[in-house]
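To start, the structure itself, in structure tokens.
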Amino acid sequence: MTRILAAADMARTHHYSNGELLSATSARLLAGRSIVFAGHGLPTLAVSLAQQTVAPDVELVYESGVTGARPNDLPLSISDSILVPGAAGVMPMTVLFNYVLQGRRIDVGFLGAAQIDKYGSLNSTLIGSPWSHPKVKLPGSGGAIEVMAGAREVFVVMRRHTPTTYVEDLDFRTTPSPHAAAAAIHGAMPNGRGVTHVISELGVLTRSEPHEQLRLTALQPGVSVDQVRDATGWELEVAPTVHTLPAPTKDELERLRLLDPARHYLR
-3 MTRILAAADM ARTHHYSNGE LLSATSARLL AGRSIVFAGH GLPTLAVSLA
47 QQTVAPDVEL VYESGVTGAR PNDLPLSISD SILVPGAAGV MPMTVLFNYV
97 LQGRRIDVGF LGAAQIDKYG SLNSTLIGSP WSHPKVKLPG SGGAIEVMAG
147 AREVFVVMRR HTPTTYVEDL DFRTTPSPHA AAAAIHGAMP NGRGVTHVIS
197 ELGVLTRSEP HEQLRLTALQ PGVSVDQVRD ATGWELEVAP TVHTLPAPTK
247 DELERLRLLD PARHYLR
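The numbering used here applies: residue -3 is where the sequence shown begins, and numbers increase by one.
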């Protein structure tokens, strides 16, 4: 169903929310990628925008087992029934995880998280201690561990960039990075490179090799390197050249507002 922008939405096209900034930045990074595992929330919105802009041929895979999804409307969850019509196929989750993810068929796993450390380990389980009585209980791993282990690389988008979300030590390590996996006594090493891009309201952090730390490589409009350093809970490495990202375009904003007119994700 085609949606028409309301006049109030059109009046906001030269202003953007945190969710719009993160979605536009994330979508651009998917240019040239072929198969993307889309997590819930902003990753879902970003990959939908990428399909309309920089990556029209990208194939989307969802944890519910839907592959090659091309929904007419924005799915409100990874198991939304609108993902099925027009999809290439629907497979049992056991097949998805055992053969698609472990078979290294995913180019990019796109996830969210509550906390991240300098090597790209993620926390989506709890905030605060002790673990028996945390300050906040979160949904948990879902398929994030398998995505980290099986995808060639992982993108992470996080709404808040603060010293309590970008941390030296996670409150709980839900999803270990390849660096953390290598330090463990038992267990298998992930197949991919782990987290290679982290998109935040302040900039983009990247890394190339499993044992490298995330470092600042790009800034969001109007943000300084010192601001990102102050908002990061570890001694942040900064690339020799840090460029400033362009703001979301009018076209990107209009598409995002058509995709999510109720602003389920664009808050």
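Cβ atoms here follow ideal geometry from the backbone N, Cα and C, with glycine treated the same way.
Own chain residues within Cβ distance below 6 Å of residue i, not counting five before or after
i: L201; result: V194, L210, L212
i: Q111; result: N119, T161, V163, L166
Distance, residue j Cα to residue i Cα
i: R(-1); j: F151; result: Any reading at R(-1) must be qualified, since the residue scores a pLDDT of 37, below 50, and its modelled position is unreliable; no value is offered.
i: N68; j: G229; result: 40 Å
i: G82; j: R66; result: 6 Å
i: E149; j: Q98; result: 13 Å
i: F168; j: A27; result: 33 Å
i: E205; j: M144; result: 14 Å
i: L254; j: H182; result: 48 Å
i: T90; j: L72; result: 23 Å
i: I74; j: V132; result: 23 Å
i: I102; j: K114; result: 24 Å
i: M87; j: R100; result: 17 Å
i: G136; j: G15; result: 22 Å
i: M247; j: S128; result: First, the amino acid is wrong: residue 247 is Asp here, not Met. Approximately 47 Å between the Cα atoms of the pair.
i: P159; j: T245; result: 30 Å
i: G37; j: G124; result: 23 Å
i: P236; j: A84; result: 43 Å
i: S13; j: L122; result: 26 Å
i: M185; j: A176; result: 9 Å
i: L92; j: A258; result: 31 Å
i: H11; j: A179; result: 45 Å
i: S30; j: V43; result: 11 Å
i: R189; j: E142; result: 13 Å
i: P126; j: H207; result: 29 Å
Cβ distance (whole Å) where residue i is taken to contact residue j below 8 Å
i: L79; j: Y95; result: In fact, because the Cβ distance is near 19 Å, the residues do not count as touching under 8 Å.
i: L215; j: L232; result: Actually they are not in contact, since the Cβ atoms of L215 and L232 sit about 12 Å apart, beyond 8 Å.
i: G138; j: N187; result: Rounded, the Cβ-Cβ distance is 19 Å, inconsistent with contact.
i: P39; j: V153; result: 6 Å
Bridge partners - residue i, DSSP secondary structure assignment
i: L111; result: Correcting the residue type first, residue 111 is Gln in the shown sequence and not Leu. DSSP, once it has assigned bridges, lists N119 as partnering Q111.
i: T171; result: L118
i: K133; result: L122
i: E233; result: R211
i: G85; result: T63
Proximal residues to residue i (C-beta, below 8 Å), its chain only, five neighbours per side dropped
i: L198; result: H157, L215, Q216, V219, Q223, V224, A227
i: L25; result: F151, H193, I195, V200
7 Å Cβ shell around residue i - same chain, five flanking residues per side excluded
i: D309; result: Any answer about residue 309 is impossible in this case: the structure gives the chain only from -3 up to 263.
i: G35; result: F106, L107, G108
Candidates the options: closest to residue i by CA position
i: S19; options: V62, V50, I31; result: V50
i: G116; options: V238, A140, L72; result: A140
i: R203; options: I181, P174, R253; result: P174
i: D53; options: G61, A243, V32; result: V32
i: V104; options: P236, L56, V62; result: L56
i: H239; options: D247, T121, V221, K246; result: V221
i: L17; options: H260, R29, A243; result: A243
i: G23; options: H260, L252, R259, A258; result: Checking the displayed sequence, the identity of residue 23 turns out to be Ala instead of Gly. Selected option, being the one with the closest Cα: L252.
i: S60; options: Q47, S77, Q48, A46; result: S77
Cutoff 8 Å: residue i Cβ touching any chain C Cβ
i: Q111; result: Going by chain labels, chain C is absent from the structure shown, which holds only one protein chain.
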